[in-house]
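Here's the structure we're looking at; comments come further down.
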Amino acid sequence: MWIWMLAKKKTNYEGERLKTSGIELYFIINPVAQNEGSGRVWKKMERVLASKNISYQSFFTEYKGHAKELSEEILAKTDKDTLIAAVGGDGTLHEVMNGAAGYPHAIIACIPAGSGNDYVRGIQRTKNCRDALSLIMQPENYIKEIDIGILETNAADAAFINSVGIGIDAEITYDVNHSAWKILFNFFKIGKLIYIYFFLKKLFTYKRTDMAAFIDGKEHVFKRVWFIVAANQPYFGGGINISPKSRHDDSLFEVIAVHDIPTIKLLSVFVTVLWGGHLRLKNVDSFTCRHIEIISADPVRIQADGEILGDTKLSAFIAPNKIRVLTRGK
Ligand SMILES: Nc1ncnc2c1ncn2[C@@H]1O[C@H](COP(=O)(O)OP(=O)(O)OP(=O)(O)O)[C@@H](O)[C@H]1O
Numbered sequence: 001m002w003i004w005m006l007a008k009k010k011t012n013y014e015g016e017r018l019k020t021s022g023i024e025l026y027f028i029i030n031p032v033a034q035n036e037g038s039g040r041v042w043k044k045m046e047r048v049l050a051s052k053n054i055s056y057q058s059f060f061t062e063y064k065g066h067a068k069e070l071s072e073e074i075l076a077k078t079d080k081d082t083l084i085a086a087v088g089g090d091g092t093l094h095e096v097m098n099g100a101a102g103y104p105h106a107i108i109a110c111i112p113a114g115s116g117n118d119y120v121r122g123i124q125r126t127k128n129c130r131d132a133l134s135l136i137m138q139p140e141n142y143i144k145e146i147d148i149g150i151l152e153t154n155a156a157d158a159a160f161i162n163s164v165g166i167g168i169d170a171e172i173t174y175d176v177n178h179s180a181w182k183i184l185f186n187f188f189k190i191g192k193l194i195y196i197y198f199f200l201k202k203l204f205t206y207k208r209t210d211m212a213a214f215i216d217g218k219e220h221v222f223k224r225v226w227f228i229v230a231a232n233q234p235y236f237g238g239g240i241n242i243s244p245k246s247r248h249d250d251s252l253f254e255v256i257a258v259h260d261i262p263t264i265k266l267l268s269v270f271v272t273v274l275w276g277g278h279l280r281l282k283n284v285d286s287f288t289c290r291h292i293e294i295i296s297a298d299p300v301r302i303q304a305d306g307e308i309l310g311d312t313k314l315s316a317f318i319a320p321n322k323i324r325v326l327t328r329g330k
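When we follow full-length UniProt numbering, the leftmost residue of the sequence shown carries the number 1, and every step to the right adds one.
Printed below as a string of structure tokens:
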């Protein structure tokens with residue numbers, strides 16, 4: 001049986017006492033996240049867990065999609081509260097969450113070991129790996145039910161936890177995930193800057209297209225769209241605060257549509273985004289909704305939580321209070 005084993009009460013990093021808990025603990029490690037930097041992160045975490053006498057079970061993923069399967073297998077075997085921590089980036093957390101979403105006894109968390117780590121920044125609200133582990137080792141005070149998105153595209157049905165986007169954001173995600181530069185950026189521990197690098201590259205080659213969006217049933221036609229994102233939390237693209245008003249517990253998506261802006265002016269969107277000023281720019285429209293459908297005139301990729309999940313057409317609705325997570329946020 002895999003339970004917290006607290007043979008002796010010890011102190012954690014913050015000097016607080018660990019509490020006993022009936023929560024079972026699992027780690028699912030993506031060994032290829034952060035161009036294999038996740039392995040080093042996990043080794044450090046293992047040492048801390050051992051020093052605190054914490055009992056857990058860990059699994060390494062062997063292929064794409066494996067983290068979802070592992071989560072489902074773990075949760076199907078028990079009806080006790082079970083905490084599954086993804087060790088990796090947003091893609092690994094996305095898979096764990098997709099495996100866990102149907103199980104009310106699931107609680108998910110993330111040890112950030114990816115390039116972007118937007119989930120940790122916007123929802124879990126921990127500062128670094130050690131902070132995340134300290135939360136995981138003392139979960140009781142930090143469990144919260146949050147909303148997730150349910151997505152259907154031409155290529156996939158999936159749940160998402162951060163955001164879904166169509167347009168240049170997804171094209172950049174695709175390029176980043178297929179780029180050898182990612183290794184270099186991750187080697188110098190500046191993984192999130194790779195999104196900025198590819199944004200600047202893509203800015204002059206991306207072909208804008210018209211899109212129709214049905215936002216809670218009301219049709220909006222946007223011309224020459226850069227991107228439309230439906231967000232459950234503020235951050236995307238490795239730390240860009242695109243949707244500052246998003247909350248993961250308000251049963252709503254915040255939709256941001258950026259359209260009909262010349263190439264150079266798009267740069268001002270990404271400067272003003274630093275203080276949320278982009279929302280006041282002409283042709284940066286924002287909406288709140290529970291359901292959104294988007295159809296693009298030309299094929300354009302779709303990303304959800306940084307995973308490419310189809311192109312051209314998507315439908316997404318918010319599922320309120322659908323999953324339990326650990327968070328330091330309110
Ligand atoms: N063993 C594996 N072999 C190959 N791919 C895997 C394996 N395990 C998971 N994956 C895939 O690796 C991809 C990248 O994972 P993840 O997003 O966690 O890391 P990252 O790209 O470094 O971080 P971020 O998304 O935060 O930029 C995901 O698409 C996931 O499905």
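By construction, the Cβ of each residue, glycine as well, lies at the ideal position given by its N, Cα and C atoms.
> What's the C-alpha gap between serine 179 and threonine 173?
Replying inline: As a working note, residue 179 is residue 179 in the sequence shown. As a working note, residue 173 is residue 173 in the sequence shown. Whole-angstrom Cα-Cα distance: 10 Å.
> How is the alpha helix (DSSP H) around isoleucine 123 delimited, first residue to last?
Replying inline: As a first step, residue 123 is located in the sequence shown; it is residue number 123 there, counting from the start. Element bounds for isoleucine 123: n/a, residue is neither H nor E.
> So does glutamate 307 have its beta carbon nearer than 7 Å to some heavy atom of ligand 1?
Replying inline: Stepping through the sequence shown from its first residue, residue 307 is reached at position 307. At least one heavy atom of ligand 1 is found less than 7 Å from the C-beta of glutamate 307.
> Just reading off the alpha helix (DSSP H) that lysine 265 is part of, what are its end residues?
Replying inline: Numbered from 1 along the sequence shown, position 265 holds the residue referred to as residue 265. In the DSSP assignment, lysine 265 falls within the unbroken alpha helix (DSSP H) covering 263-272.
> Can alanine 319 and isoleucine 148 be called in contact, C-beta distance under 8 Å?
Replying inline: One-based indexing of the sequence shown puts residue 319 at position 319. One-based indexing of the sequence shown puts residue 148 at position 148. In this structure, isoleucine 148 lies closer than 8 Å to alanine 319 by Cβ.
> With a Cβ-Cβ cutoff of 8 Å, do isoleucine 294 and asparagine 232 count as a contact?
Replying inline: Numbered from its first residue, the sequence shown carries residue 294 at position 294. Numbered from its first residue, the sequence shown carries residue 232 at position 232. No, they are not a contact pair.
> Taking just the CA atoms, how far does valine 41 sit from arginine 328?
Replying inline: Residue mapping note: residue 328 aligns to position 328 of the sequence shown, counting from 1. Residue mapping note: residue 41 aligns to position 41 of the sequence shown, counting from 1. Going by the C-alpha atoms only, they are around 21 Å apart.
>> Threshold first: 3 residues or longer. Then list the beta strand (DSSP E) segments lying entirely within the region 24-65, N to C.
In response: Considered as a whole, the region 24-65 harbours 24-29 and 57-60 as its complete beta strand (DSSP E) runs of no fewer than 3 residues, in chain order.
> Any chance the CB of valine 255 is under 7 Å from a heavy atom of ligand 1?
Replying inline: By one-based count along the sequence shown, residue 255 stands at place 255. Because no heavy atom of ligand 1 lies under 7 Å away, the Cβ of valine 255 does not count as near it: no.
>> In whole angstroms, give me the CA-to-CA distance for isoleucine 54 and tryptophan 181.
In response: Stepping through the sequence shown from its first residue, residue 54 is reached at position 54. Stepping through the sequence shown from its first residue, residue 181 is reached at position 181. A straight-line Cα-Cα distance of about 37 Å links isoleucine 54 and tryptophan 181.
>> Quick check on leucine 200: buried or exposed, where buried means 16 or more other Cβ atoms within 10 Å of its Cβ?
In response: Locating residue 200 in the sequence shown gives position 200, counting from the first residue. So leucine 200 ends up on the exposed side.
>> Taking 8 Å as the cut-off, does the region 62-72 touch the region 276-283 (at least 3 CB pairs, one atom from each stretch)?
In response: No contact exists between the region 276-283 and the region 62-72.
>> By the three-class DSSP mapping on this structure, what secondary structure does leucine 279 have?
In response: Along the sequence shown, one-based indexing puts residue 279 at 279. Under the three-state reduction of DSSP, leucine 279 is assigned to helix.
> Quick one: Cα of isoleucine 166 to Cα of glycine 238, how far?
Replying inline: Sequence index remark: in the sequence shown, residue 166 carries index 166 (1-based). Sequence index remark: in the sequence shown, residue 238 carries index 238 (1-based). Between isoleucine 166 and glycine 238, the C-alpha separation is close to 16 Å.
> When we look at the beta-carbon of glutamine 57 and count the other beta-carbons within 10 Å, is it buried (16 or more) or exposed?
Replying inline: Start at 1 with the first residue of the sequence shown, and residue 57 comes out as number 57. So glutamine 57 counts as exposed.
> I think serine 296 touches methionine 211, with their Cβ atoms under 8 Å apart; what is that distance to the nearest whole Å?
Replying inline: Taking the first residue of the sequence shown as 1, we reach residue 296 at position 296. Taking the first residue of the sequence shown as 1, we reach residue 211 at position 211. Contact holds; Cβ gap of about 5 Å.
>> Does histidine 259 come out as helix, strand or coil in the three-state DSSP assignment?
In response: The residue given as residue 259 occupies position 259 in the sequence shown. Histidine 259 carries a strand assignment under DSSP once its states are collapsed to helix, strand and coil.
>> Assuming the contact rule is C-beta atoms closer than 8 Å, alanine 316 and isoleucine 168 should be a hit. Round their C-beta distance to whole Å, please.
In response: Here the question's residue 316 lines up with position 316 in the sequence shown. Here the question's residue 168 lines up with position 168 in the sequence shown. Rounded to whole angstroms, the Cβ separation of alanine 316 and isoleucine 168 is 19 Å, and the two are not in contact under 8 Å.
> If serine 71 and glycine 89 are in contact, beta carbons under 8 Å, what's the gap, nearest whole angstrom?
Replying inline: Residue numbering aside, residue 71 sits at position 71 when the sequence shown is read from its first letter. Residue numbering aside, residue 89 sits at position 89 when the sequence shown is read from its first letter. Serine 71 to glycine 89, Cβ: 16 Å. No contact.
>> At a threshold of 7 Å, does lysine 64 count as lining ligand 1 (C-beta to nearest heavy atom)?
In response: Walking along the sequence shown from the start, residue 64 turns up at place 64. Answer for lysine 64: yes, Cβ within range of ligand 1.
>> Beta-carbon within less than 7 Å of residue 332's beta-carbon, same chain only, minus the 5 sequence neighbours each way: which residues are those?
In response: Outside the shown range of the chain (1 to 330) lies residue 332, about which nothing can therefore be said.
> Beta carbon of aspartate 175, beta carbon of arginine 224: below 8 Å?
Replying inline: Residue 175 sits at position 175 when you count from the first residue of the sequence shown. Residue 224 sits at position 224 when you count from the first residue of the sequence shown. The beta carbons of aspartate 175 and arginine 224 sit no closer together than 8 Å.
>> Buried or exposed, going by whether 16 or more other CB atoms sit within 10 Å of the CB of aspartate 118?
In response: One-based indexing of the sequence shown puts residue 118 at position 118. Of the residues assessed, aspartate 118 falls on the buried side of the cut-off, its CB having 16 or more other CB atoms within 10 angstroms.
>> Assuming aspartate 157 is part of the beta strand (DSSP E), what are its boundary residues?
In response: Within the sequence shown, numbered from 1, the residue matching residue 157 stands at position 157. Start and end: 157-160.
>> Could you tell me the alpha carbon to alpha carbon distance between phenylalanine 59 and isoleucine 23, rounded to whole angstroms?
In response: In the sequence shown, counting from the first residue as 1, residue 59 sits at position 59. In the sequence shown, counting from the first residue as 1, residue 23 sits at position 23. So the alpha carbons of these two residues sit roughly 18 Å apart.
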